[in-house]
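Colleague: Here you go, one structure.
In the UniProt record's numbering, the protein residues as written are 1 to 283.
This is how it looks when you write it as structure tokens:
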């Protein structure tokens, strides 16, 4: 048996040579990892972010490291005009868009130096914060899907990936956020907006997947677990106790799943939800 031919065919399924991929929230930690996965497979990552300086900086690093054409573009994805202008910029530069990763979100991280904010509790959660979170995490994904997806539909080709979360499938276990010595009304919690948005992204995924199926556009979602990054030890112990694999993810550990979902390796998947959470949602 000629194993060389078999390996070559499998490699081709994951090949993104010259594919153009837009990543919202591209200047963030996971956005950068998504961009690296695309670049390693030969694609051209476009890092879209409200932080223009970081987006351009990270795109330049990726370009030099992987010898691909990568750019950073400042875009407010909550603004339709901004998203339309970003689309025009990408089309002028690359003449096509093959992949969209809706990654941007407001997500307050648990860190050792974080102050406890009673305002994150459901009873006191500010409407202004709710609206801001919904605007970035859900409305931004809607606008990018609507505008960029329509361009894909015109070309009858494209892949859209929505970054949901394990908290799009299960409720936050607020016990992992508790701090000893604080009264109940001062205890920190995971804000309500985050799991609501991540759940809604799964609905958007299924809607767009069936809406554009005849246009040769695939739309899937990934539900990743949390990434270890500067969290205090007491939080890590409480969280990892609830994860069968006993740890949080490394920041580069989703690259394989991302590449699978945006490449031809997943050509018969649409409207699907891939869970990559160390087994947390099994319990």
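Even for Gly, the Cβ is constructed at its ideal location relative to N, Cα and C.
In this text the structure is predicted, and so the values were computed from the model without any measurement.
Is the beta carbon of residue 259 less than 8 Å from the beta carbon of residue 220?
Modeller: The answer is no: Cβ separation not under 8 Å.
Colleague: Helix, strand or coil for residue 286 per DSSP?
Modeller: The chain is shown from 1 up to 283; residue 286 falls before or after that span and cannot be answered.
Colleague: DSSP on residue 27, reduced to helix/strand/coil?
Modeller: Three-state DSSP puts residue 27 in coil, outside helix and strand.
Colleague: Does the stretch 34–49 come close enough to the stretch 75–90 that 3 or more CB-CB pairs lie under 8 Å?
Modeller: Touching, yes, given that three or more Cβ pairs across the two stretches are closer than 8 Å.
Colleague: With a 10 Å radius around its C-beta and 16 neighbouring C-beta atoms as the bar for buried, classify residue 33 as buried or exposed.
Modeller: Buried: at least 16 other Cβ atoms inside 10 Å.
Colleague: Express the C-alpha separation of residue 243 and residue 281 in angstroms, rounding to a whole number.
Modeller: Approximately 8 Å between the Cα atoms of the pair.
Colleague: Given residue 133, which residues of its chain have a CB within under 6 Å of its CB, disregarding the five upstream and five downstream residues?
Modeller: Only 106 and 193 meet the Cβ criterion.
Colleague: I'd like to check one pair, residue 24 with residue 124: are the Cβ atoms closer than 8 Å?
Modeller: Contact flag unset, no.
Colleague: Could you compute how far the alpha carbon of residue 195 sits from the alpha carbon of residue 170?
Modeller: One C-alpha to the other measures close to 8 Å.
Colleague: Note the first and the last residue of the continuous beta strand (DSSP E) segment covering residue 18.
Modeller: From DSSP, residue 18 is part of no beta strand (DSSP E); its letter is neither H nor E.
Colleague: Output needed for residue 156: all residues of its chain with C-beta closer than 6 Å, excluding positions within five of it in sequence on either side, in chain order.
Modeller: Result list for residue 156: 215 and 216, in chain order.
Colleague: Just the Cα atoms here: how many angstroms apart are residue 129 and residue 138?
Modeller: Going by the C-alpha atoms only, they are around 13 Å apart.
Colleague: In the DSSP output, which residue or residues are listed as bridge partners for residue 49?
Modeller: DSSP, once it has assigned bridges, lists 74 as partnering residue 49.
Colleague: Which whole-angstrom value describes the C-beta separation of residue 39 and residue 68, a residue pair presumed to lie in contact below a C-beta threshold of 8 Å?
Modeller: Yes, residue 39 and residue 68 are in contact; Cβ-Cβ is about 5 Å, under 8 Å.
Colleague: Looking at the strands, I want to know which residues DSSP matches up with residue 44.
Modeller: According to DSSP, residue 44 bridges with 20.
Colleague: Does DSSP classify residue 283 as helix, strand or coil?
Modeller: Here residue 283 sits in coil by DSSP.
Colleague: So, helix, strand or coil for residue 221, using DSSP?
Modeller: The answer is strand: DSSP assigns residue 221 an E or B state.
Colleague: Short check: CB of residue 127 to CB of residue 162, under 8 Å?
Modeller: Taking 8 Å as the Cβ cut-off, residue 127 and residue 162 do not qualify as a contacting pair.
Colleague: Let's see if you can read the secondary structure: which residues bound the alpha helix (DSSP H) around residue 284?
Modeller: Here the chain has residues from 1 to 283 only, and residue 284 is not among them.
Colleague: Is it true that the CB of residue 208 sits closer than 8 Å to the CB of residue 149?
Modeller: Yes, these two residues count as a Cβ contact at 8 Å.
Colleague: Thinking residue 55 and residue 72 are a contact (beta carbons under 8 Å), I'd like their distance in whole angstroms, please.
Modeller: Yes, residue 55 and residue 72 are in contact; Cβ-Cβ is about 3 Å, under 8 Å.
Colleague: Counting C-beta neighbours from all protein chains within 10 Å, is the total for residue 267 16 or more, i.e. buried, or is it exposed?
Modeller: Residue 267 is exposed by the Cβ-count criterion.
Colleague: Going by other Cβ atoms of all chains shown within 10 Å of its Cβ, with 16 needed for buried, is residue 235 buried or exposed?
Modeller: With 16 or more Cβ atoms within 10 Å of its Cβ, residue 235 is classed as buried.
Colleague: Express the C-alpha separation of residue 59 and residue 187 in angstroms, rounding to a whole number.
Modeller: Between residue 187 and residue 59, the C-alpha separation is close to 39 Å.
Colleague: Rounded to the nearest angstrom, what separates residue 12 and residue 180 at their Cα positions?
Modeller: Residue 12 and residue 180: Cα-Cα distance of roughly 53 Å.
Colleague: Give a yes or no on whether the C-beta atoms belonging to residue 323 and residue 228 are separated by under 8 Å.
Modeller: Coverage of the chain is limited to positions 1 through 283, which leaves residue 323 absent and any answer about it impossible.
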